[in-house]
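Participant: Questions regarding the structure given below will be posed in turn.
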Amino acid sequence: MTDDTDRALLTELQRDATQSYATLGAAVGLSAGAAHERVRKLRERGVIRRTTIEVDPAAVGAGVLAFVLVESNAWMGEADTSEALAALPEVQEAHIVAGAASVLIKVRTGTTEQLQDVLRRVFAVRGVSGTQTVMVLETMFERSVHCGQKGPAGAPG
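Just so we're aligned, residue 36 is where the sequence shown starts under our numbering, counting upward by one.
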């Protein structure tokens with residue numbers, strides 16, 4: 036469970052994860068030591084999974100974005116399926132979903148030809164019976180999980 040101070044720390048870290056603990060603490064009303072201790076505990080509890088950077092996909096040759104619904108003739112939630120999809124470097128995310136498809140994956144490539152190659156490799160994964168691909172023409176916005184407010188009825192945000 037996170038409190039208001041934790042959520043404020045998380046919001047600040049999402050804005051700039053490189054800031055010093057002194058700057059971070061000042062932004063949320065804590066000393067540098069208290070901010071450091073809170074962040075350490077958030078890491079230990081798995082609230083902060085990792086610290087990373089955000090890269091412009093087009094700048095590194097991965098400007099083609101597609102979401103792929105993966106249809107199957109078997110349960111896709113096994114570790115071997117997850118490992119097979121994770122082995123494809125172009126697959127950024129994979130989610131088990133409800134509906135006509137079993138899995139939704141997010142794929143980034145440099146060209147549509149490379150996307151077609153990824154789709155061939157996805158189709159080769161055991162249990163996959165088909166795919167439906169939605170190409171992104173333009174990204175309106177992307178965002179991180181919002182940590183600044185509590186959810187409905189006081190649920191954690």
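The C-beta atom is built at its ideal place from N, Cα and C for all residues, glycine as well.
Short check: CB of V103 to CB of V160, under 8 Å?
Facilitator: No.
Participant: For A62 and E47, what's the separation of their Cα atoms in angstroms?
Facilitator: Between A62 and E47, the C-alpha separation is close to 8 Å.
Participant: Quick check on G134: does DSSP put it in helix, strand or coil?
Facilitator: The answer is coil: DSSP assigns G134 none of H, G, I, E or B.
Participant: Looking only at C-alpha atoms, which of A57, Q54, G64 and S55 sits nearest to D41?
Facilitator: The residue with the shortest Cα to Cα distance from D41 is G64.
Participant: According to DSSP, what are the bridge partners of L150?
Facilitator: Beta-bridge pairing links L150 to no other residue.
Participant: Kindly indicate the opening and closing residues of the beta strand (DSSP E) around L45.
Facilitator: That residue, L45, is in no beta strand (DSSP E); its alpha helix (DSSP H) goes D39 to R50.
Participant: Which of the three DSSP states is assigned to G60 in this structure?
Facilitator: Residue state, collapsed to three classes: helix.
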